[in-house]
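My numbering applies: residue 13 is where the sequence shown begins, and numbers increase by one. Even for Gly, the Cβ is constructed at its ideal location relative to N, Cα and C. Let me begin by presenting the structure, written as structure tokens, before commenting on it.
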Amino acid sequence: MKSLTLELNGAKITCDVEPRETLADFLRERCRLTATHLGCEHGACGACTVAVDGQATRSCLRLAIMCDGRSVQTLEGLEDDSTMEVLRRHFHQSHGVQCGFCTPGMLMMARDILLRMHDPDVETVRSQLSGQICRCTGYSGIVTAIVAAGRELGRAGQAKGVRESGIQVTAIAAVPAKVDD
Ligand code: FES
Ligand code: FES
């Protein structure tokens, strides 16, 4: 056994783990954080996606002991997260969930995309999601939800930026498409 200390969903924990124990098994079986699903267990489906030091990570491919001294976030730890709140709402509105098996991993990956990219378009979201497998939805509702969430968060970010800059927007002038000499 090896001693493992990590920050898990904001709480510092220390325990002994088997050297070969995966992060996914550690989260599900020891910590009872079962939002982290296991589909393929070899890095192909993305159902087990969590955030390690803020980066989307497949927990079936990561040994728990490799997270010593790191921060790990699972879906359970993001209940009050503002980005996740917007994503959850749009997944619901756009029918991005059917059986729900892929959903925790999809949400974790979607949040990762929206934290890295400002207002991504459909093609970008499809490409970024290419490592996540859903057997039910045909992806359309999921992609629509992430694009809509990105748009909403982008608008909110712009409004916040304007408020914080102290700039008063009174009118938006039309910009000519082309200026001839
Ligand atoms: S269970 Fe980890 S990628 Fe499929
Ligand atoms: S909703 Fe069933 S696998 Fe995605």
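{"Asked": "Measuring from the CB of Arg100, is there a heavy atom of ligand 2 at a distance below 6 Å?", "Found": "no"}
{"Asked": "Give the secondary structure of Ser106 by DSSP, where H, G and I count as helix, E and B as strand, and everything else as coil.", "Found": "coil"}
{"Asked": "Mind reading off the beta-carbon distance from Leu119 to Leu87? Whole number of angstroms is fine, and I expect it under 8 Å.", "Found": "6 Å"}
{"Asked": "Ligand 2 and Thr48: does any heavy atom of the ligand fall closer than 6 Å to the residue's C-beta?", "Found": "no"}
{"Asked": "Below 6 Å CB to CB, which residues in the same chain sit around Gly153 once its five sequence neighbours on both sides are set aside?", "Found": "Ser106, His107 and Gly108"}
{"Asked": "Could you check which residue in Ala76, Ala47 and Thr48 has the C-alpha nearest to that of Lys14?", "Found": "Ala76"}
{"Asked": "For Cys114, which three-state DSSP category applies?", "Found": "coil"}
{"Asked": "Within 10 angstroms of the Cβ of His54, are there 16 or more other Cβ atoms? Answer buried if so, exposed if not.", "Found": "exposed"}
{"Asked": "Apart from the five residues on each side of it in sequence, which residues of its chain come closer than 6 Å, Cβ to Cβ, to Thr26?", "Found": "Thr17"}
{"Asked": "Please go through the segment 121 to 180 and give each complete alpha helix (DSSP H) segment of 4 or more residues, from N-terminal end onward.", "Found": "134 to 140 and 152 to 177"}
{"Asked": "Whole angstroms are fine: how far does the CA of Gly112 sit from the CA of Val159?", "Found": "19 Å"}
{"Asked": "In chain order, which alpha helix (DSSP H) runs of at least 4 residues are fully inside the segment 26 to 105?", "Found": "94 to 105"}
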